[in-house]
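The next block holds one structure in the form of structure tokens; read it before the comments.
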Amino acid sequence: MNCMPDTADGPSSPYASSRIDSKNDAEAPPQEPTEVVQPSSSPTITQQARCMLGLRPRLRARPSLLDLVRRPNIDNISQSPRRLESLDPDDRAKLIPLPASPLTGPKQELLDSPPPISIEGEKSEEEVKMAPDQKKAQDAEEHHGTVFSVSGPVIIAENMIGCAMYELVRVGHDQLVGEVIRIDADKASIQVYEETAGVTVGDPVFRTGKPLSVELGPGLLETIYDGIQRPLEKIAEAANSIYIPRGINIPALDRKKKWEFTPGKFKVGDHITGGDVFGTVFENSLFPQHKILLPPRARGTITRLADKGSYTVDEKILELEFNGTRTEYSMMHPWPVRAPRPVSEKLSSDKPLIVGQRVLDALFPTVQGGTVCIPGAFGCGKTVISQSLSKFSNSDVIVYVGCGERGNEMAEVLKDFPELSINVDGKEEPIMKRTTLIANTSNMPVAAREASIYTGITVAEYFRDQGKNVAMMADSSSRWAEALRELSGRLGEMPADQGFPAYLGAKLASFYERAGAVTALGSPERHGSVSIVGAVSPPGGDFSDPVTTSTLGIVQVFWGLDKKLAQRKHFPSVNTSMSYTKYAAVLEKYYAEHNPEFPRLRDRIKELLSTSEDLDQVVQLVGKSALGDPDKITLDVASMIKEDFLQQNGYSDYDQFCPLWKTEWMMKNMMAFHDEAQKAVAQGHSWGKVRDATSEIQSALRSMKFELPSEGEEKITKKYEELYQKLTDKFASVMDD
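Just so we're aligned, residue 715 is where the sequence shown starts under this note's numbering, counting upward by one.
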């Protein structure tokens, strides 16, 4: 009888039908078991025995997947002839191998067993012979994962056991910058801050072991960065292109430029702690003393302090000893962007932030260290107000973050700021010297919009710790929220209102809560503040948008821009009936010292504008002629206030910035005209005659805004006083007639 091959489709298959088995059994002559199988030292059935049998019977039971894994010789067991049962138990035990078990099988190590603990001081021979560079490369090899999936800016990497939330990673062969935003077992979800085209499954993901951080030190001012603090000017020089190459890694602060370092009051042997000022650097004429701060978490005894001289930002100029460990520090230090910098004490804000726009400074003032929201539809003038705040506010440092808006707006800032100047000790200085720009425009990666907001507020907190009043503009936080919505959708998170994530309000609050006036850490004592002005771009000007409503629950000042006013070319298009401020009571003390009449005039103008809106509705129904003379005066004076006080030409030299004293005098003279006119009408004079007799005064009131503030406060104030006296005399003569 010929031996048949054991093929999958032949009758030798273990799952052959019972009919074929019975047929073959009938044809095969009966044989003794000893003639079929001879016990031998081998635990398996020999090939000769298989040929004599011709066919192997089908299995009595289909093997499970676990059996197939644990018993690779399952086929050999199933090929035992049926007459094997008639063998002696001892012979049968020799022929049938035992299944692998913890007792009979080979000892198997666990896959994730921890490495054996080595006694300190013992090293393997290979490790001793290994070069330092080679060992460093091996350690880096052990601390990297691989790309598991790619979905736009979100990448899932595997083999990432041990990574931390918000850890900085480098993705792919181009070393793209990314940040871990979710951890699930050994997989990590990473938001990549650069274009992910070309990243494929299996590419390496290198861990850095540190969070996304910014470099803080001399050289931050007069610089433009992208959302993760890469200097765009240096990138343009290195790449010789208008585009940012992927994976480019240039330090934020110039490592070659030398700064003139002057040591502070500390000397060798002194104790020093986080936040202490141990030296100063001359940065520029607008920022002559850049204080060099010890990192907030550092402390120790000074063992070495560099002498006065020129050093780069990364040269070690200070050495501290603490608990027997010596640590060196340079003029710069990194700080994670998501962690607020610690402060000694939070203070109440009581000084106004002067914007230079009359409607904002007079009716809806904010404070240094306050939070402001500017919502408005497309074309309402949000960016003009933000830029006016950057150019003319009474802040020491400006941090302007272009988050998801047009690149042309950042280009306009770069073009205008060097040309604009402020007077410092009789010398004109460009305001770019006090400005840091962070550009993450609409054509840059979406994920970096969130990082740009945090980068900006961290830089602002650093200057606040220097004892400066900082104003930060975020234009616009709606684009940041849209980036959060896109990333949340790619992560498969549960959407809330309009698809935004449920934690949108918490994210916005964690950003706005970093504003405020504080006492900085360390010595000498320093007081600084961070004011946040966030522009919001609700679609179609709908203020019920989730971003707008969430922001309004957090901020203290609301400058609502009206699309209808903007269409009538009324700029700034601030709706006085919709906007509000919660800082009016806080500023009473400041006004009592500097501008005693300011609060009374402000309240009267608000009341006048509110009354005029009610009268406008009556006029639309019955006409202006049906109103009495007092109401006609109210409407005419309200019209004068709206057109010549609230409106402001941001592109003119006389009106682009209005100081507080000019604002107060304009309010004073206009309200004086209103009061004198009401007195004249109350004495029986017709408003028509009074209006005609005082036309020259009205023209002078409307021309008050054309006075140039650069001529000096004393000269212009004298003109306004003369106008006030002229107005009083004119009404006295009218009432005498």
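Heads up, the beta-carbon is just placed ideally off N, CA and C, and yes, glycines get one too.
On a predicted model such as this, the values are computed, not experimentally measured, just so you know.
Distance between residue j and residue i (C-alpha atoms, nearest Å)
i       : j       : result
ARG944  : ALA1210 : 34 Å
VAL1051 : GLU1302 : 36 Å
PRO1423 : GLU1207 : 54 Å
MET1354 : SER1293 : 20 Å
THR1442 : ASP1350 : 18 Å
SER1400 : ALA1391 : 10 Å
MET1045 : THR1172 : 17 Å
ALA871  : GLY912  : 15 Å
ASP984  : THR1039 : 16 Å
PHE1257 : SER1251 : 9 Å
ALA1162 : MET1380 : 45 Å
PHE1214 : LEU1205 : 13 Å
GLU1227 : GLU1119 : 23 Å
ALA1174 : ASP1345 : 49 Å
THR1295 : PHE1078 : 5 Å
ALA1076 : ILE1167 : 29 Å
Residue i - partner residues in DSSP beta bridges
i       : result
ALA902  : ALA871 and ILE897
ASP1189 : GLY1116 and ALA1249
HIS985  : THR1015
THR1080 : LEU1067
THR860  : GLU872 and PRO918
PHE975  : VAL995 and GLY1023
VAL1288 : LEU1275
DSSP-derived helix/strand/coil call for residue i
i       : result
ASP1450 : helix
LEU930  : strand
GLU1327 : helix
PHE1131 : coil
ARG1040 : strand
THR1233 : strand
ASN716  : In this prediction, ASN716 scores a pLDDT of 46, lower than 50, which makes its location untrustworthy; the coordinate-derived value is nonetheless stated afterwards. DSSP places ASN716 in coil when its eight states are reduced to three.
ALA1125 : helix
ILE1152 : strand
HIS1308 : helix
PHE1445 : helix
LYS1141 : strand
VAL1271 : strand
THR748  : Residue placement at THR748 is poorly supported in this model, since its pLDDT is 43, which falls under 50; the coordinates are not used for a value here.
ASP735  : With a pLDDT of only 44 at ASP735, under 50, the local geometry of the prediction cannot be trusted, and the value read off the model is given with reservation. Helix at ASP735.
PRO691  : As displayed, the chain neither begins before 715 nor continues past 1451, which places residue 691 out of reach and without an answer.
PRO1313 : helix
HIS1241 : strand
SER1202 : helix
GLU1435 : helix
LEU1301 : coil
Pair within 7 Å by beta-carbon distance, residue i and residue j
i       : j       : result
THR1150 : LEU934  : yes
LEU930  : TYR1176 : yes
PHE1285 : GLY1095 : yes
ASN1154 : GLY941  : yes
GLY1230 : GLY1342 : no
VAL864  : MET879  : no
PRO1089 : VAL995  : no
VAL656  : ILE869  : Nothing about residue 656 can be read from this structure; the chain reaches only from 715 to 1451.
ARG1011 : GLY989  : no
VAL1247 : MET1158 : no
TYR1305 : PHE1312 : yes
GLU1035 : THR1015 : yes
THR1265 : LEU1222 : yes
Boundaries of the alpha helix (DSSP H) in which residue i is found, first to last residue
i       : result
PRO1344 : 1343-1355
ALA878  : First-last for ALA878: undefined, no H or E at that position.
LYS1105 : 1096-1106
ARG1178 : 1162-1179
ASN998  : Element bounds for ASN998: n/a, residue is neither H nor E.
LEU1008 : Where LEU1008 is concerned, there is no enclosing alpha helix (DSSP H), given that its DSSP letter is neither H nor E.
PRO1260 : 1260-1266
THR1377 : 1374-1396
Residue i, enclosing beta strand (DSSP E) - first and last residue
i       : result
SER1417 : SER1417 -> no beta strand (DSSP E), and no H or E assigned at all.
TYR1025 : 1023-1025
TYR939  : 937-939
ARG921  : 918-925
VAL915  : Careful: VAL915 lies outside any beta strand (DSSP E) and carries neither H nor E.
LYS1060 : 1059-1061
Below-7 Å beta-carbon distance, residue i vs any chain C residue
i       : result
ASP1369 : Of the protein chains in the structure, only one exists, and it is not chain C.
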